[in-house]
Amino acid sequence: MNFEAYILENNLGIIEKNYTFKELTTIGCGGRIELLFTPNSISSLQKAFAYIIDHELSYFLLGNGSNVLARDEDFKGIVIHLRKIPYSYEIKDNILSCSAFYPTAKLAYDLAKEEWGDLSFLGGIPGLLGGAIYNNSGAYKDEIKNHLIDVTYINSAGEIVTISNKDCAFSYRKSIFHFIDGIILSARFNLKKMKTLDILERRARARRLAQPLESKNMGSIFKNNPLIPAWKVIDALGMRGFHFHDATVSSKHANFIINTGNAKSIEILNLIELIQRRAELEFGIKLKYEITIL
Numbered sequence: 096m097n098f099e100a101y102i103l104e105n106n107l108g109i110i111e112k113n114y115t116f117k118e119l120t121t122i123g124c125g126g127r128i129e130l131l132f133t134p135n136s137i138s139s140l141q142k143a144f145a146y147i148i149d150h151e152l153s154y155f156l157l158g159n160g161s162n163v164l165a166r167d168e169d170f171k172g173i174v175i176h177l178r179k180i181p182y183s184y185e186i187k188d189n190i191l192s193c194s195a196f197y198p199t200a201k202l203a204y205d206l207a208k209e210e211w212g213d214l215s216f217l218g219g220i221p222g223l224l225g226g227a228i229y230n231n232s233g234a235y236k237d238e239i240k241n242h243l244i245d246v247t248y249i250n251s252a253g254e255i256v257t258i259s260n261k262d263c264a265f266s267y268r269k270s271i272f273h274f275i276d277g278i279i280l281s282a283r284f285n286l287k288k289m290k291t292l293d294i295l296e297r298r299a300r301a302r303r304l305a306q307p308l309e310s311k312n313m314g315s316i317f318k319n320n321p322l323i324p325a326w327k328v329i330d331a332l333g334m335r336g337f338h339f340h341d342a343t344v345s346s347k348h349a350n351f352i353i354n355t356g357n358a359k360s361i362e363i364l365n366l367i368e369l370i371q372r373r374a375e376l377e378f379g380i381k382l383k384y385e386i387t388i389l
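Numbering of the sequence shown is given in the numbering used here, commencing with residue 96 and proceeding in unit increments.
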């Protein structure tokens, strides 16, 4: 029995064949997807993932598609679409238990409205909470690892397990989930009562002025060098506004690449690689990207 037949026979979700990454990513680029699987529950996701691992099938986890650049060629495999799985959170004794499928920025605002403010730094981070944990996302000199207690995920055996913060091997924009097969389901965080809604709204206004949020983008492209922010390196190269056809270095924020029309992924990749080569050749700085290139 193939994967499609297994999903349909066991009523585990929806299988679709006519989607492209262009439709499902915020940058609006990428080729056709062989099979798009949208699970209808956590139990369905667990069974489907166990089947994928057991049969050694190629797969990719897609949440909001906000930091993904898929190549123009067809993706030969299964894309597991997580964005439509129900999400919720609860707070008890100053501990937040939250679904990994909760939109990250929405979570920050929803908590702030109840005057739980410790995770307010997530207010400008796109995507879902699971992706933020995966990448140890951060902003305003704070990051996920400073607040997380533990993470629950589906492992490669199809089992649901929980690991503590220290076992997540967090580092700058990385975690253990970069190196293992697994799907993050939920996490727990320490919280404190704090009024941060005004701070969130003030930061949001500043981002609208400083970042190209009105354009198709993937968020920040490069990780910051310990000594100098990536945007300053790109500015020093004189590449603010530089473009390959519709792939353009944002004139608002040089660490954003935007799709001004119908850019192809190869054009964005070429632009990324040009910036990297020039930064290393001219300044001896190795810029590492923090997006996922598929």
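Idealized CB from N, CA, C, for every residue including glycine. Please read these numbers as outputs of a predicted model, since none were measured by experiment.
The DSSP-derived three-state label of G233 is strand. In this structure the region 206-216 lies against the region 284-302, because at least three pairs of beta carbons, one per stretch, are closer than 8 Å.
Taking the Cβ atoms as the reference, L107 lies roughly 24 Å from A165, outside the contact range of under 8 Å.
Under the rule that a run must span 4 or more residues, no alpha helix (DSSP H) segment is found entirely inside the region 296-330.
Pairing L243 with F317 gives a Cβ-Cβ distance that is not under 9 Å. Taking 9 Å as the cut-off, the beta carbon of G333 is found no closer than this to the beta carbon of S346. Inter-residue distance for A145 and I102 is about 12 Å (C-alpha atoms, whole angstroms).
DSSP places Y154 in the strand class (E or B) of the three-state scheme. R283: member of the beta strand (DSSP E) spanning 278-285, first to last residue. Sorting Y248, K269, D262, S251 by C-alpha distance to the C-alpha of S232 places K269 at the top. Two segments are said to touch when three or more pairs of C-beta atoms, one from each, lie closer than 8 Å; by this definition the region 119-138 does not touch the region 364-372. Residue state for R127 is assigned as strand, using DSSP reduced to three classes. Contact annotation: Y248 and L280 have beta-carbon atoms nearer than 9 Å.
In the DSSP assignment, F378 falls outside any beta strand (DSSP E) and lies within the alpha helix (DSSP H) extending over 360-378.
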